[in-house]
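Trainee:
In full-length UniProt numbering, the protein residues as written are 1 to 110.
Structure, rendered in structure tokens:
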């Protein structure tokens, strides 16, 4: 089995499902912003093809989350809320961080 085959082991999703997932994500983002009033980090993967969620895509998302959080932990920034969603439409992650937005940008760009 080729490595690329592992990306596409899963259920295919429709355009309608992707649009619904986008709307749900936007609602979760609004709710988090209204509730915590802190900068919000939102991670989604852009995956080609009809399969958006597989073991490989989830591993990629976990790696990306760890890479995002590492500089925050080094700077002792507090992640006050996070939510990870794993649906057929692909992995998603949201986090509210207690820090000025400019500080987050600086930590993420290093």
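The beta-carbon is built from N, C-alpha and C at its ideal position, and this holds for glycine as well.
Everything numeric in this text was worked out from a predicted model, so none of it was measured.
In terms of DSSP beta bridges, what is residue 96 paired with?
Mentor: Translated into positions along the chain shown, residue 96 becomes position 96. Answer is 40, 81.
Trainee: Are the region 92-99 and the region 30-43 in contact at 8 Å, needing three or more beta carbon pairs?
Mentor: yes
Trainee: From residue 20 to residue 88, what does the alpha carbon distance come to, in whole angstroms?
Mentor: Residue numbering aside, residue 20 sits at position 20 when the chain shown is read from its first letter. Residue numbering aside, residue 88 sits at position 88 when the chain shown is read from its first letter. For residue 20 and residue 88, the distance between alpha carbons rounds to 12 Å.
Trainee: Distance check for residue 86 and residue 8, CA to CA, integer angstroms please.
Mentor: Here residue 8 is taken as the residue at index 8 of the chain shown, counted from 1. Here residue 86 is taken as the residue at index 86 of the chain shown, counted from 1. Roughly 16 Å between the two C-alpha positions.
Trainee: Would you grab the beta carbon distance between residue 101 and residue 48 for me? Rounded to a whole angstrom, and I think it's under 8 Å.
Mentor: The residue you call residue 101 lines up with position 101 of the chain shown. The residue you call residue 48 lines up with position 48 of the chain shown. With a beta-carbon spacing of about 31 Å, residue 101 and residue 48 fall beyond the 8 Å limit used to define contacts.
Trainee: Roughly how many whole angstroms lie between the Cα atoms of residue 99 and residue 25?
Mentor: As a first step, residue 99 is located in the chain shown; it is residue number 99 there, counting from the start. As a first step, residue 25 is located in the chain shown; it is residue number 25 there, counting from the start. Rounded to whole angstroms, residue 99 to residue 25 spans 22 Å at the Cα level.
Trainee: Let's see if you can read the secondary structure: which residues bound the alpha helix (DSSP H) around residue 46?
Mentor: Residue numbering aside, residue 46 sits at position 46 when the chain shown is read from its first letter. Annotation: residue 46 is outside any alpha helix (DSSP H) and is labelled neither H nor E by DSSP.
Trainee: From residue 57 to residue 37, what distance separates their C-alpha atoms?
Mentor: Residue mapping note: residue 57 aligns to position 57 of the chain shown, counting from 1. Residue mapping note: residue 37 aligns to position 37 of the chain shown, counting from 1. When rounded, the distance between both Cα atoms is 30 Å.
Trainee: Give me the Cα-Cα distance between residue 109 and residue 72, rounded to the nearest whole angstrom.
Mentor: As a working note, residue 109 is residue 109 in the chain shown. As a working note, residue 72 is residue 72 in the chain shown. Their Cα atoms are separated by approximately 11 Å.
Trainee: How many Å lie between residue 105 and residue 83 at the Cα?
Mentor: Start at 1 with the first residue of the chain shown, and residue 105 comes out as number 105. Start at 1 with the first residue of the chain shown, and residue 83 comes out as number 83. Going from the Cα of residue 105 to the Cα of residue 83 covers about 20 Å.
Trainee: For residue 53, count the other beta carbons within 10 Å of its own beta carbon; 16 or more makes it buried, fewer makes it exposed. Which is it?
Mentor: Position 53 of the chain shown, counted from the first residue, corresponds to residue 53. By the 10 Å Cβ count, residue 53 comes out buried.
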